[in-house]
Amino acid sequence: MAAIKTEIAAYKKMQSELEAKHLGKWVVVHDEQLIGVYESLQNAGVDAIAKFNRGPYLIHQVGKSFEIQLPAKFHGRT
0 MAAIKTEIAA YKKMQSELEA KHLGKWVVVH DEQLIGVYES LQNAGVDAIA KFNRGPYLIH
60 QVGKSFEIQL PAKFHGRT
């Protein structure tokens, strides 16, 4: 978990520049460096796996929050 926090911190250092140039694109960050900018999550994932296997690395869509938002209430079948 510490490794992904390091990658998130590295992303946040680059965030302003990435948002200015690549808003909405997908990025891969590994060893605190930007590895690439991609049109889709699939392309980012394929490249990250090819280069780094299981990681750790960060794949993130530029401009999106890191917070996970869940619905206020989950409904199940009764």
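Under numbering that gives the first Met the number 0, the residue at position 50 of the sequence shown is numbered 49, and the numbers go up by one with no gaps.
Quick reminder that beta carbons are idealized off the backbone N, C-alpha and C, glycines included.
Opposing strand residues paired with residue i [DSSP bridges]
i, result
"leucine 57", "Val28"
"glycine 35", "Val27"
Beta-carbon spacing of residue i, residue j below 7 Å
i, j, result
"isoleucine 58", "valine 27", "yes"
"leucine 33", "valine 61", "no"
"tryptophan 25", "alanine 43", "yes"
Chain-order list of residues whose beta-carbon lies under 7 Å from that of residue i (same chain, five-residue window excluded)
i, result
"phenylalanine 51", "His29"
"phenylalanine 65", "Ile7"
"serine 39", "Trp25"
Backbone secondary structure at residue i - three-state DSSP
i, result
"leucine 22", "coil"
"glycine 62", "coil"
"alanine 2", "helix"
"asparagine 42", "helix"
"threonine 77", "Below a pLDDT of 50, predicted positions are generally treated as unreliable, and threonine 77, at 49, falls in that range; no measurement from the model is reported."
Cβ shell of residue i (< 6 Å), same chain only, five flanking positions each side left out
i, result
"glutamine 14", "none"
"lysine 11", "none"
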